[in-house]
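K.L.:
My questions all concern the structure below.
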Amino acid sequence: MNAATPNEFDLVIVGGGLVGASLACALADTDLRIAVVEAHPFNTQQHPGFDARTVALAYGSQQIFEAMGVWSAIEAQGVTPIRQIYVSDRGHAGSAHLDAAEQGLAAMGYVAEIRVLGQALSRQLEQQANVTLLCPASVKAVQFAPTHAKVVLKQDGELREITAALVVAADGGDSFIRNDSGIATFTLDYHQSALISNVAVDRPHGNIAYERFSDSGPMALLPMRDEQGNDNAFALVWTLKPDQVEAVQEWDEATFLSQLQERFGERAGRFTRASQRHLYPLKFLQTREHVRPRLAVIGNAAHTLHPVAGQGFNLGLRDVAVLSQVLSEALTQDEDIGELTVLRRYAQWRRRDHLQTSLATDGLVRLFSNNFLPLAVVRNLGLTLLDILPPLKKQLVRHAMGYVGKLPRLGRGLKL
Numbered sequence: 008m009n010a011a012t013p014n015e016f017d018l019v020i021v022g023g024g025l026v027g028a029s030l031a032c033a034l035a036d037t038d039l040r041i042a043v044v045e046a047h048p049f050n051t052q053q054h055p056g057f058d059a060r061t062v063a064l065a066y067g068s069q070q071i072f073e074a075m076g077v078w079s080a081i082e083a084q085g086v087t088p089i090r091q092i093y094v095s096d097r098g099h100a101g102s103a104h105l106d107a108a109e110q111g112l113a114a115m116g117y118v119a120e121i122r123v124l125g126q127a128l129s130r131q132l133e134q135q136a137n138v139t140l141l142c143p144a145s146v147k148a149v150q151f152a153p154t155h156a157k158v159v160l161k162q163d164g165e166l167r168e169i170t171a172a173l174v175v176a177a178d179g180g181d182s183f184i185r186n187d188s189g190i191a192t193f194t195l196d197y198h199q200s201a202l203i204s205n206v207a208v209d210r211p212h213g214n215i216a217y218e219r220f221s222d223s224g225p226m227a228l229l230p231m232r233d234e235q236g237n238d239n240a241f242a243l244v245w246t247l248k249p250d251q252v253e254a255v256q257e258w259d260e261a262t263f264l265s266q267l268q269e270r271f272g273e274r275a276g277r278f279t280r281a282s283q284r285h286l287y288p289l290k291f292l293q294t295r296e297h298v299r300p301r302l303a304v305i306g307n308a309a310h311t312l313h314p315v316a317g318q319g320f321n322l323g324l325r326d327v328a329v330l331s332q333v334l335s336e337a338l339t340q341d342e343d344i345g346e347l348t349v350l351r352r353y354a355q356w357r358r359r360d361h362l363q364t365s366l367a368t369d370g371l372v373r374l375f376s377n378n379f380l381p382l383a384v385v386r387n388l389g390l391t392l393l394d395i396l397p398p399l400k401k402q403l404v405r406h407a408m409g410y411v412g413k414l415p416r417l418g419r420g421l422k423l
């Protein structure tokens, strides 16, 4: 459906990255007139968010994509199932082993390139009759009135005003919409950086993911395929302290692989090659408010997490699943989707997942980035108990799979 006029919409999504694009796709079968505002060209070759980095998709996220109708396109481009996860603490005996087969599942999650996800989402959006893509365009101001919101854009060098019943801020951790609206945040600098690289090993990965805690912080290896399609590569996330960053940047490939081997051990095999390395500073961010009249904040604009448990994007996708259902149900009841009474249903539904996932992620960082001996004893005892107590292990696996609280329809693999 086209907008009543070129500048009138029901919903304006600011941010066309993975979360914003997913929300627009989730609402494909509704009567909402949707505008997606994105500062960069909306394609996987030029969009900086659709790069070759990888993301660990929880099983629940795969269900959401399946229900949205994009999973087949993602899977066709190549994803790697995670069938087992090994968790260990460097220099200590504690460890845990999680197995999808023990839970009656083919996989606990999947590893996919962000580029592949972006390509599948952008192709669907381009075919969606109820979506107008406004890009490249940047938001200069947003104003909220009792009956509508007005967004001032700069597009093709000219200012343009569009209106909507609801604005959704999906524009990332440095969200312009959130900041311009004066929504306060709680932020915490971890004083760590994440080194991202793809590394090859000398044997097949066996669809096993590894989480290893070292003196500098957590290290993760996510199974993936190399450039030739062989199952002998991993996506590496290596947490570094500030005093390590400069040295690591100066290492040549041989030194980098040697140091990685020394820190990680040989459980995953011998590291043979590494791609270009990228460093990202790590912080925790949580908004004080998730909704206001005519405004909802989702994804990294609402919560930015440490990558220790790979929950950041999955948490944002669960935002999408719940918000799309709340809006769809409001439409069937002939309610105003921008009314605070409607948006509070979303905020209340998401509160438990936001709190549990944020606290769990932050707690892991603090517990496993500290070499204080009593803490080391406690965390290794915890890993051992996790490995021998099936109920505890099942609960952890369900949370890792994205099964937290009341599940929305998309999270159960059902259409809106």
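Heads up: the sequence shown begins at 8 in my numbering, then just goes up one per residue. Backbone N, C-alpha and C define an ideal beta-carbon position, used for all residues, glycine too.
Taking its Cβ as the centre, do 16 or more other Cβ atoms sit within 10 Å of GLN199, making it buried, or is it exposed?
P.N.:
Looking up residue 199 in the sequence shown gives position 192. Answer is buried; the Cβ neighbour count reaches 16.
K.L.:
Going by C-alpha distance, which of ALA207, SER221, THR139, ALA281 is nearest PHE49?
P.N.:
Locating residue 49 in the sequence shown gives position 42, where the first residue counts as 1. Residue THR139 is the option with its Cα nearest to PHE49.
K.L.:
Per DSSP, which residues does THR170 bridge with? Please list them.
P.N.:
Position 163 of the sequence shown holds residue 170. Answer is GLU15, LYS157.
K.L.:
By the three-class DSSP mapping on this structure, what secondary structure does THR37 have?
P.N.:
Start at 1 with the first residue of the sequence shown, and residue 37 comes out as number 30. Three-state DSSP puts THR37 in coil, outside helix and strand.
K.L.:
In or out: SER79 buried (at least 16 other Cβ within 10 Å) or exposed?
P.N.:
Taking the first residue of the sequence shown as position 1, residue 79 is located at position 72. With fewer than 16 Cβ atoms within 10 Å of its Cβ, SER79 is classed as exposed.
K.L.:
Looking at C-beta atoms only, is the number of pairs between the segment 293–306 and the segment 148–156 that lie closer than 8 Å three or more?
P.N.:
yes
K.L.:
Would you report the Cα separation of ILE89 and GLU269, rounded to the nearest angstrom?
P.N.:
One-based indexing of the sequence shown puts residue 89 at position 82. One-based indexing of the sequence shown puts residue 269 at position 262. Roughly 24 Å between the two C-alpha positions.
K.L.:
Terminal residues of the continuous beta strand (DSSP E) containing TYR217?
P.N.:
Within the sequence shown, numbered from 1, the residue matching residue 217 stands at position 210. Residues 215–221.
K.L.:
Run through DSSP, which three-state label would VAL44 get?
P.N.:
As a working note, residue 44 is residue 37 in the sequence shown. Of the three classes helix, strand and coil, the one that applies to VAL44 here is strand, per DSSP.
K.L.:
What first and last residue would you give for the beta strand (DSSP E) that runs through LEU105?
P.N.:
Within the sequence shown, the letter at position 98 stands for residue 105. Note, LEU105: beta strand (DSSP E), 102–106.
K.L.:
Over what stretch of residues does the alpha helix (DSSP H) that includes ASP250 continue unbroken?
P.N.:
In the sequence shown, residue 250 corresponds to position 243, counting from 1. Where ASP250 is concerned, the enclosing alpha helix (DSSP H) stretches over 249–257.
K.L.:
Consult DSSP for LEU414 and reduce its assignment to one of helix, strand or coil.
P.N.:
Along the sequence shown, read from residue 1 onward, the residue named residue 414 stands at position 407. Three-state DSSP puts LEU414 in coil, outside helix and strand.
K.L.:
Is the distance from the Cβ of LEU202 to the Cβ of ARG284 below 7 Å?
P.N.:
Residue 202 sits at position 195 when you count from the first residue of the sequence shown. Residue 284 sits at position 277 when you count from the first residue of the sequence shown. Cβ distance < 7 Å, so LEU202 and ARG284 count as in contact.
K.L.:
Quick check on GLN91: buried or exposed, where buried means 16 or more other Cβ atoms within 10 Å of its Cβ?
P.N.:
In the sequence shown, the residue the question calls residue 91 occupies position 84. With 16 or more other Cβ atoms within 10 Å, it is buried.
K.L.:
Evaluate GLN70 with the Cβ neighbour count: other Cβ atoms within 10 Å of its Cβ, from every protein chain shown; 16 or more gives buried, anything less gives exposed.
P.N.:
Walking along the sequence shown from the start, residue 70 turns up at place 63. Counting of Cβ neighbours within 10 angstroms places GLN70 among the buried residues, the total reaching 16 or more.
K.L.:
Terminal residues of the continuous alpha helix (DSSP H) containing VAL123?
P.N.:
Translated into the one-based positions of the sequence shown, residue 123 becomes position 116. Taken as a continuous stretch (DSSP letters only), the alpha helix (DSSP H) holding VAL123 covers 121–133.
K.L.:
Which residues does DSSP pair with LEU421 in a beta bridge?
P.N.:
Here residue 421 corresponds to residue number 414 of the sequence shown, with the count starting at 1. Listed as beta-bridge partners of LEU421 by DSSP are no residues whatsoever.
K.L.:
Spatial neighbours of ASN307 within its chain, please: CB distance less than 6 Å, with the 5 preceding and 5 following residues excluded, ordered by chain position.
P.N.:
Here residue 307 refers to the residue found at position 300 of the sequence shown. Excluding sequence neighbours, ASN307 sits near GLY179, GLY180.
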